[in-house]
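What follows is a single structure, written as structure tokens, with notes after it.
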Amino acid sequence: MHVGMLSRHTSKAHADQYAKIKKVLLMKSYPTWYVILWIPGLVNRTMEATGHRSKVMTLLQTSTAFIGLANAVTYGWNEGLLREYRKKRERRQRDRSFGPLDGSRFV
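For the sequence shown, the residue numbers in the working numbering are 116 to 222.
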């Protein structure tokens, strides 16, 4: 096996591992941001239910409006990652079917 091929396979493995880690982090960050965005609204409603009012908490409750934005960003990011993965897979399959352009495959 050529050294160039070894480094290419190693870098491919690292790239695949990086892509998996990136996706896991995204999947874990979404629920975290969802909870963080809901906390001010829940605290404000709890305070109102106990008879207390706070203008600061009322203003912070507007963060719940950003949940839709978080959904859109997460969906868009996932679609972008999926599209990127598909392009890489198609490129890899095309490279395998055609082989190297210099003809070294047949040497």
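All C-beta atoms, glycine included, are put in the ideal place defined by N, C-alpha and C.
All of these numbers come straight from a predicted model, not from anything done at the bench.
Candidates ALA128, HIS129 and ALA134: closest to LEU197 by CA position: Counting from 1 along the sequence shown, the entry for residue 197 is found at position 82. The option with the nearest alpha carbon to LEU197 is ALA134.
Among ASN186, LEU140, THR161 and PRO155, nearest to VAL88 - alpha-carbon criterion: This structure gives no information on residue 88, because the portion of the chain shown stretches from 116 to 222.
Does the beta-carbon of GLN208 have 16 or more other beta-carbons within 10 angstroms, so that it is buried, or is it exposed? Numbered from its first residue, the sequence shown carries residue 208 at position 93. So GLN208 ends up on the exposed side.
Please state whether DSSP places SER212 in a helix, a strand or coil. Here the question's residue 212 lines up with position 97 in the sequence shown. Helix.
Pick from LYS138, SER126, LYS127 and ALA130: whose alpha carbon is nearest that of THR189? For this step, residue 189 is matched to residue 74 along the sequence shown. The candidate whose alpha carbon is nearest that of THR189 is LYS138.
Under DSSP, the alpha helix (DSSP H) around PRO173 begins and ends at which residues? Within the sequence shown, residue 173 is the residue found at index 58, counting from 1. Residue identity check: residue 173 is Thr in the sequence provided, not Pro. Where THR173 is concerned, the enclosing alpha helix (DSSP H) stretches over 170-175.
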